[in-house]
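Just add 53 to the spot in the sequence shown (first one is 1) and you have my numbering. Beta carbons are placed, not taken as given, at the ideal position from N, Cα and C, and that holds for glycine.
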Amino acid sequence: MTAPAVVSALTVDVEDYFQVQALADTVPRAAWEDMPRRVEKNTERLLAAFDRAGVHATFFVLGWVAERHPALIRRIVAGGHELASHGHGHERVDRLGPAGFRADIRRTRRRLEDTGGVAVVGYRAPTFSLNAATPWAFAILAEEGHRYSSSVYPVQHDLYGTPGAPRFPYRPDAGLLWEIPMTTLRTLGRNLPCSGGGWFRVLPYPAFRLALRRFHQAHAAPGVFYTHPWEIDPGQPRLAVRNRLSRFRHYVNLSRTAGRLERLLEDFAWDRMDRVFAGVLGEDGGNPASRRQFTTSAAAGGRTPASASAGRPADAASGGPGHTGR
Ligand SMILES: [Zn+2]
Numbered sequence: 054m055t056a057p058a059v060v061s062a063l064t065v066d067v068e069d070y071f072q073v074q075a076l077a078d079t080v081p082r083a084a085w086e087d088m089p090r091r092v093e094k095n096t097e098r099l100l101a102a103f104d105r106a107g108v109h110a111t112f113f114v115l116g117w118v119a120e121r122h123p124a125l126i127r128r129i130v131a132g133g134h135e136l137a138s139h140g141h142g143h144e145r146v147d148r149l150g151p152a153g154f155r156a157d158i159r160r161t162r163r164r165l166e167d168t169g170g171v172a173v174v175g176y177r178a179p180t181f182s183l184n185a186a187t188p189w190a191f192a193i194l195a196e197e198g199h200r201y202s203s204s205v206y207p208v209q210h211d212l213y214g215t216p217g218a219p220r221f222p223y224r225p226d227a228g229l230l231w232e233i234p235m236t237t238l239r240t241l242g243r244n245l246p247c248s249g250g251g252w253f254r255v256l257p258y259p260a261f262r263l264a265l266r267r268f269h270q271a272h273a274a275p276g277v278f279y280t281h282p283w284e285i286d287p288g289q290p291r292l293a294v295r296n297r298l299s300r301f302r303h304y305v306n307l308s309r310t311a312g313r314l315e316r317l318l319e320d321f322a323w324d325r326m327d328r329v330f331a332g333v334l335g336e337d338g339g340n341p342a343s344r345r346q347f348t349t350s351a352a353a354g355g356r357t358p359a360s361a362s363a364g365r366p367a368d369a370a371s372g373g374p375g376h377t378g379r
């Protein structure tokens, strides 16, 4: 008998090429409105690739993007994907402060739910900026109706990362909210990033595939992969990025990412976050603040029922893994 394949979570942070943290000095917020936007076309390409592969994903969308591309939001929902929040304008949580953070996530969730006609329960912080400086953020997320966050990256990095954070799903402060951290591979006493993003473009594809296989073999737990629409767009305008490291990180291998993604979709089993981690999130019946009635046509046509597949909660205290099976 063969072991059931581990189903991992496929996620997309829906933002445009000029909104990433590393380019914040190059394109100030005030200039965003004048930039040629490519996010809708690029997200459409991802939707088409996921459709061909027969997989569903979670799309963490900026409120800023949803305001300008409502039809894209409805297409994401109609495709059977999970709609989730990436905050409004890609501002770091540690810079927003508690009141600003609450206003940001409330505004975004309302916009996404009103446009997509489905409940939004997932959140990913811009630049993985939930960290030791934002201990208040998890409670605010729960109060504002979210059931999970996927915002902690337990690695060492100059722009983000919380190296000592748990590597598997846990409930911060024993609250209602689950944090589902980005995937890392524990090697030689260090957590190596194994979640996609820039590393997926820098490393040769077989190296990334090997790392994710190792993770699955070691823990039989779902991984969390993330990408961005701009990462498959070699035709995006080249910006005059002064910082060489930022320039390299943003532009390296853009022309190869789409092909690598197609291989990744073939080589592993994928699904949306809320289904992959249904065993974790469903444990206590969910967050009462999340509940809301939807009657729009998008809801009727697009919402697919949560399947029974998936993970059990991790033993956060011992740092043990969650498991999944199909
Ligand atoms: Zn982002």
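- Glu68 has its CB nearer than 8 Å to a heavy atom of ligand 1.
- For Gln209, the shortest separation between its Cβ and any heavy atom of ligand 1 does not lie below 8 Å.
- In this structure, the alpha-carbon of Asp324 lies about 15 Å from that of Met235.
- Ligand 1 has a heavy atom closer than 8 Å to the beta-carbon of Pro179.
- DSSP, reduced to helix, strand and coil, places Asn244 within a strand of the structure shown.
- Of all alpha-carbon atoms in Trp189, Glu197, Glu144 and Tyr279, the one lying nearest the alpha-carbon of Phe113 is that of Tyr279.
- Shown here for Gln289: same chain residues with a beta carbon closer than 8 Å to its own, the five before and five after excluded, namely Tyr70, Arg91, Trp283 and Leu307 in chain order.
- Closest in alpha carbon position to His210, among Pro188, Phe181 and Leu229, is Phe181.
- The three-state reading of DSSP puts Tyr304 in helix, counting H, G and I together.
- Every beta strand (DSSP E) stretch that sits fully inside the segment 213 to 258 and reaches 3 residues is listed by chain position as 237 to 240 and 243 to 246.
- Of all alpha-carbon atoms in Ala83, Arg302 and Tyr213, the one lying nearest the alpha-carbon of Arg145 is that of Tyr213.
- In the same chain as Glu97, and ignoring 5 residues on each side of it, the C-beta atoms closer than 8 Å to its own belong to Leu125 and Arg128, in chain order.
- In the structure shown, Tyr206 adopts coil according to DSSP, grouped into three states.
- Within the DSSP bridge table, the entry for Phe113 names Asp66 and Ala137 as partners.
- The beta carbons of Thr161 and Met326 sit no closer together than 9 Å.
- Taking 9 Å as the cut-off, the Cβ atoms of Trp117 and His141 count as close.
- Ranked by Cα distance from Pro257, the first of Val130, Ala77 and Val305 is Val305.
- The Cβ atoms of Arg224 and Ser204 lie no closer than 9 Å to each other.
- As the crow flies, the alpha-carbon of Ala311 is around 35 Å from that of Arg155.
- Cβ neighbours of Ala218 within its own chain (closer than 7 Å, five residues either side excluded): Val205, Pro207 and Pro234.
- Straight-line spacing of the CA atoms in Pro89 and Leu241 works out to 44 Å.
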